[in-house]
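Chains as they are written, first to last, in this note's numbering: chain A, 1390 to 1499; chain B, -5 to 107.
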């Protein structure tokens, strides 16, 4: 039962352009949504989060948008930089339990 | 401030052997979690400690897995006996308060041959 779907396994973007990553979920009990970034052979690193009572949260180059009625969230990275090349996981939280999507591999081209 | 640390970083064992993974959470974090990612699958929740108490171990695959957190500091996850399907990456995470951001360690890569 996959509650979190990241339908794009990969994304290639040119340096300086916008990266948009999407995530859909099915569980209406999710109340806090996190994005993690992961480099090979490392653990997930917290990137940005949003509470279910908000529809947007911004932190520097990273913005997360939440559409609760559509059960959809997205992560915008602008401008994209070479160091942003990594796997990005959408991870909604229900109480204390994180549910992870399959991840989207972002490659930023110079 | 030191992050979550895990030991060992890699472990290669034979089927039927025992392996113990260790996790040291961020200092002051009462909440400790174990997750794992097996080949081709998503990262999945295994269990949650608050201090030394197990709050939820619903994600533990079977009784070959035993997690402890004596004294409410570091935690161990023992697999005994290990099976081939236990191969994967085991992550530990911690948070100050349940329901807040969880910070992950680098993981232990377990390979059972």
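Virtual Cβ for every residue (Gly too), placed ideally from N, Cα, C.
Against chain A, does residue 36 of chain B count as a neighbour if the rule is that its beta carbon must be under 8 angstroms from one of theirs?
yes
Which residues DSSP lists as bridging residue 42 of chain B, in chain order:
B:27, B:50
Does any CB atom of chain B fall closer than 8 angstroms to the CB of residue 1438 of chain A?
Judged by the 8 angstroms Cβ criterion, residue 1438 of chain A is in contact with chain B.
Exposed or buried, which one is residue 1486 of chain A when buried takes at least 16 other CB atoms within 10 Å?
Burial check for residue 1486 of chain A: the Cβ neighbour count within 10 Å reaches 16 or more, so the residue is buried.
Using the three-state DSSP reduction, which class does residue 79 of chain B fall into: helix, strand or coil?
helix
Find the nearest neighbour of residue 1401 of chain A within the set A:1394, A:1410, A:1490, A:1430, judged by alpha-carbon distance.
With distances taken between Cα atoms, residue 1401 of chain A lies closest to A:1410.
Would you please verify whether the beta carbon of residue 1405 of chain A is less than 8 angstroms from any beta carbon of chain B?
no
Applying the criterion that 16 or more other CB atoms from any shown protein chain within 10 Å of the CB defines a buried residue, is residue 80 of chain B buried or exposed?
Buried, by the Cβ-count rule.
For residue 25 of chain B, count the other beta carbons within 10 Å of its own beta carbon; 16 or more makes it buried, fewer makes it exposed. Which is it?
buried
Tell me whether the beta-carbon of residue 37 of chain B lies closer than 8 angstroms to the beta-carbon of residue 1 of chain B.
no
Ordered along the chain, which non-local residues of its own chain (more than five positions away) have a Cβ less than 6 angstroms from that of residue 32 of chain B?
82
Whether or not the region 1469 to 1482 of chain A and the region 1405 to 1419 of chain A are in contact is what I'm after, with contact meaning three or more pairs of Cβ atoms, one per stretch, closer than 8 angstroms; do they touch?
yes
By alpha-carbon positions, which one of B:19, B:30, B:10 ends up nearest to residue 43 of chain B?
B:19
How long is the line joining the alpha carbons of residue 23 of chain B and residue 69 of chain B, rounded to whole angstroms?
Annotation: residue 23 of chain B to residue 69 of chain B spans about 12 angstroms, alpha carbon to alpha carbon.
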